[in-house]
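K.L.:
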Amino acid sequence: MLSPRSGTAFAVELRQAARGLSRSPGFAALAIGTLCIGVGINTAMLALMDALLFRPPFHVSEPADVVRVQFRLEEAPEPLLVERTSYPDFLDVKASGAFERVAAYSTGPVSIGYGRDATLADAMLVSRELFNVLRPQPHLGSFLLGAFTLTEGGDRAILSYGLWQRHFGGEPRAVGASLTIDGRAYVVAGVAPRGFQSLSAKPIDVWLPLDHVVDARLQARDWRVDRDSSWLYVVGRRARGTSQRAAEQRATAMLRNRQRELGDDDRPVGVVTTSIVPGRGADRSLESKVSLWLSGVSALVLLI
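Using our numbering, you'd call the opening residue of the sequence shown number 49 and step up by one each time.
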């Protein structure tokens with residue numbers, strides 16, 4: 049507690065400061081305004097960094113159980129951690145039983161509409177398990193891309209909240225409507241909740257079935273058996289009671305057994321799981337490291 053003497057001294061200094069500011073109102077207003085702007089900017093930056101780096105993606109249920117599945121190439125001169133893998137390796141991870149659910153995805157541009165009215169959009173090509181891994185709740189419709197198999201395909205699409213607003217004006221009747229994507233007709237199965245963009249760093253406009261879209265684009269089936277083409281991101285949901293280390297060991301054992309069967313021992317590989325929170329991943333990007341540094345500077349400035 050302040051003593052009466054210290055309280056009196058503080059009151060005297062406060063009155064002196066008030067008189068000094070009243071003699072220079074312009075300077076006082078400039079100083080106070082500068083402080084307010086500085087505090088506001090730093091607070092906004094810290095809030096943005098918190099949302100981008102330290103919080104899980106929006107609308108992912110039980111995010112602590114969801115992990116990115118990455119691959120460690122144990123080759124000289126030192127092991128290398130890579131984020132993408134081939135389709136056959138994804139199938140092996142899935143068959144290992146190391147995870148409750150596993151999904152693969154890739155991203156790329158697509159054309160929506162046709163003729164002069166066609167617009168470019170960012171699409172995520174996903175295996176049908178993705179929404180079972182992330183478990184978001186649809187805004188409209190469902191997240192069922194169809195019970196398609198590798199030879200059957202499925203012409204269903206899921207729209208982002210933003211694309212639904214732009215293309216259909218927010219009409220609920222959009223579910224079940226037809227949409228032309230890359231010259232192919234799709235039926236809108238559902239609309240994602242506002243802010244949902246899966247695990248992508250940039251907003252996604254539409255989700256499409258992986259195997260059907262890739263077949264239509266490549267007009268080939270080599271990607272189903274090509275282990276040298278790494279183009280898929282993999283995400284999994286750990287089963288309750290399964291530790292991170294146990295899941296990694298089980299998936300790694302499956303991949304290595306398959307490599308021995310194929311006589312591909314020259315490419316030793318291991319599975320590593322990392323957090324879906326960008327600032328906690330084992331292989332953080334340069335952008336996330338710079339963002340962490342900027343957030344530290346902002347915190348220091350705000351403290352001062």
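The C-beta atom is built at its ideal place from N, Cα and C for all residues, glycine as well.
Using CA coordinates, which residue listed in Ile-85, Lys-250, Val-320 is at the minimum distance from Pro-127?
P.N.:
By 1-based counting over the sequence shown, the position of residue 127 is 79. Considering only alpha carbons, the answer is Val-320.
K.L.:
For Phe-58, which three-state DSSP category applies?
P.N.:
Within the sequence shown, the letter at position 10 stands for residue 58. Note: Phe-58 maps to helix in three-state DSSP.
K.L.:
Can you tell me whether Gly-217 is buried or exposed? The criterion is at least 16 other CB atoms within 10 Å of its CB, across all chains shown.
P.N.:
As a working mapping, residue 217 is identified with position 169 in the sequence shown. Classification for Gly-217: exposed.
K.L.:
Does DSSP put Pro-157 in a helix, in a strand, or in coil?
P.N.:
The sequence position of residue 157 within the sequence shown is 109, counting from 1. The answer is strand: DSSP assigns Pro-157 an E or B state.
K.L.:
Which residue comes first and which comes last in the beta strand (DSSP E) that contains Tyr-234?
P.N.:
Looking up residue 234 in the sequence shown gives position 186. Run containing Tyr-234: 232-239, per the beta strand (DSSP E) assignment.
K.L.:
Rounded to whole angstroms, what is the Cα-Cα separation between Thr-199 and Leu-193?
P.N.:
Reading the sequence shown from its first residue, position 151 is the one you call residue 199. Reading the sequence shown from its first residue, position 145 is the one you call residue 193. Its pLDDT being 36, under 50, Thr-199 is placed unreliably by the model, and nothing is read from it.
K.L.:
Apply the 10 Å Cβ neighbour rule to Gly-74 and answer buried if 16 or more other Cβ atoms are within range, or exposed otherwise.
P.N.:
Taking the first residue of the sequence shown as 1, we reach residue 74 at position 26. When all chains shown are included, Gly-74 counts as exposed.
K.L.:
In this structure, how does DSSP classify Phe-119 when only helix, strand and coil are distinguished?
P.N.:
The sequence position of residue 119 within the sequence shown is 71, counting from 1. Reduced to three states, the DSSP call for Phe-119 is strand.
K.L.:
Can you pull the DSSP bridge partners for Trp-2?
P.N.:
Any answer about residue 2 is impossible in this case: the structure gives the chain only from 49 up to 352.
K.L.:
Consult DSSP for Val-322 and reduce its assignment to one of helix, strand or coil.
P.N.:
If you number the sequence shown from 1, residue 322 lands on position 274. According to the sequence provided, residue 322 is Thr. The question's Val does not apply to it. Strand at Thr-322.
K.L.:
Cα-Cα, which of Lys-250, Gly-238, Val-181 is closest to Ala-169?
P.N.:
As a working mapping, residue 169 is identified with position 121 in the sequence shown. The candidate whose alpha carbon is nearest that of Ala-169 is Lys-250.
K.L.:
Answer with buried or exposed for Pro-220, where buried requires no fewer than 16 other C-beta atoms within 10 angstroms of its C-beta.
P.N.:
Numbered from 1 along the sequence shown, position 172 holds the residue referred to as residue 220. Its Cβ having fewer than 16 others within 10 Å, Pro-220 is exposed.
K.L.:
Taking 6 Å as the limit between beta carbons, can you name the residues of its chain near Ala-146, skipping five residues before and five after?
P.N.:
Along the sequence shown, read from residue 1 onward, the residue named residue 146 stands at position 98. Counting only Cβ-Cβ distances below 6 Å, and skipping sequence neighbours, we find Ala-295, Arg-298, Ala-299.
K.L.:
Per the DSSP calculation, Ile-229 is bridged to which residue(s)?
P.N.:
Here residue 229 corresponds to residue number 181 of the sequence shown, with the count starting at 1. DSSP, once it has assigned bridges, lists Ile-160, Arg-232 as partnering Ile-229.
K.L.:
Within 10 angstroms of its Cβ, does Tyr-162 collect 16 or more other Cβ (buried), or is it exposed?
P.N.:
The count along the sequence shown starts at 1 and reaches residue 162 at position 114. With fewer than 16 other beta carbons inside 10 angstroms of its own, Tyr-162 counts as exposed.
K.L.:
What is the residue span of the beta strand (DSSP E) that Arg-285 lies within?
P.N.:
By 1-based counting over the sequence shown, the position of residue 285 is 237. Start and end: 280-285.
K.L.:
Between which two residues does the alpha helix (DSSP H) containing Leu-139 stretch?
P.N.:
If you number the sequence shown from 1, residue 139 lands on position 91. First-last of the alpha helix (DSSP H) with Leu-139: 135-143.
K.L.:
Taking only three categories from DSSP, how would you classify Leu-83?
P.N.:
Position 35 of the sequence shown, counting from 1, holds the residue named residue 83. Three-state DSSP puts Leu-83 in a helix.
K.L.:
Which word fits Ala-66, buried or exposed, when buried means at least 16 other C-beta atoms lie within 10 angstroms of its C-beta?
P.N.:
One-based indexing of the sequence shown puts residue 66 at position 18. Burial call: exposed.
K.L.:
Is it the case that the segment 240-257 contacts the segment 168-186, given that we only count it when at least three CB pairs across the two stretches are under 8 Å?
P.N.:
yes
K.L.:
Expressed to the nearest angstrom, what Euclidean distance is found between the alpha-carbon atoms of Val-115 and Ala-233?
P.N.:
Residue mapping note: residue 115 aligns to position 67 of the sequence shown, counting from 1. Residue mapping note: residue 233 aligns to position 185 of the sequence shown, counting from 1. When rounded, the distance between both Cα atoms is 33 Å.
K.L.:
Can you tell me whether Arg-132 is helix, strand or coil according to DSSP?
P.N.:
For the purposes of this step, residue 132 is identified with residue 84 of the sequence shown, where counting begins at 1. Strand at Arg-132.
K.L.:
Val-181 and Arg-285 - do their beta-carbons sit closer together than 8 Å?
P.N.:
Here residue 285 is taken as the residue at index 237 of the sequence shown, counted from 1. Here residue 181 is taken as the residue at index 133 of the sequence shown, counted from 1. The Cβ atoms of Arg-285 and Val-181 lie closer than 8 Å to each other.
K.L.:
If you follow the alpha helix (DSSP H) that Glu-296 is in, where does it begin and where does it stop?
P.N.:
Numbered from 1 along the sequence shown, position 248 holds the residue referred to as residue 296. Counting along the chain, the alpha helix (DSSP H) containing Glu-296 begins and ends at 292-310.
K.L.:
If we count the other Cβ atoms within 10 Å of its Cβ and call it buried at 16 or more, is Phe-58 buried or exposed?
P.N.:
Position 10 of the sequence shown, counted from the start, is the residue given in the question as residue 58. Under a 10 Å Cβ-count criterion, Phe-58 is classified as exposed, with fewer than 16 other Cβ atoms of the shown protein chains found around its own Cβ.
K.L.:
If you compare alpha carbons, which of Glu-177, Tyr-209, Leu-178 is closest to Gly-189?
P.N.:
The residue labelled residue 189 in the question sits at position 141 within the sequence shown. Nearest of Glu-177, Tyr-209, Leu-178 to Gly-189, Cα basis: Tyr-209.
K.L.:
From Arg-272 to Glu-309, what distance separates their C-alpha atoms?
P.N.:
Within the sequence shown, the letter at position 224 stands for residue 272. Within the sequence shown, the letter at position 261 stands for residue 309. When rounded, the distance between both Cα atoms is 18 Å.
K.L.:
Roughly how many angstroms separate the alpha carbons of Asp-276 and Asp-312, rounded to a whole number?
P.N.:
Residue numbering aside, residue 276 sits at position 228 when the sequence shown is read from its first letter. Residue numbering aside, residue 312 sits at position 264 when the sequence shown is read from its first letter. Straight-line Cα distance between these residues: approximately 11 Å.
K.L.:
What residue does the alpha helix (DSSP H) around Val-181 start on, and which one ends it?
P.N.:
If you number the sequence shown from 1, residue 181 lands on position 133. 178-182 is the span of the alpha helix (DSSP H), which, as asked, contains Val-181.
K.L.:
Are the CB atoms of Thr-133 and Val-282 within a distance shorter than 8 Å?
P.N.:
To locate residue 282, count along the sequence shown from 1; it is residue 234. To locate residue 133, count along the sequence shown from 1; it is residue 85. Result yes, Cβ atoms of Val-282 and Thr-133 sit closer than 8 Å.
K.L.:
Spatial neighbours of Phe-138 within its chain, please: C-beta separation below 7 Å, excluding the five flanking residues on both sides.
P.N.:
By 1-based counting over the sequence shown, the position of residue 138 is 90. Around Phe-138: Ala-152, Leu-280, Val-282.
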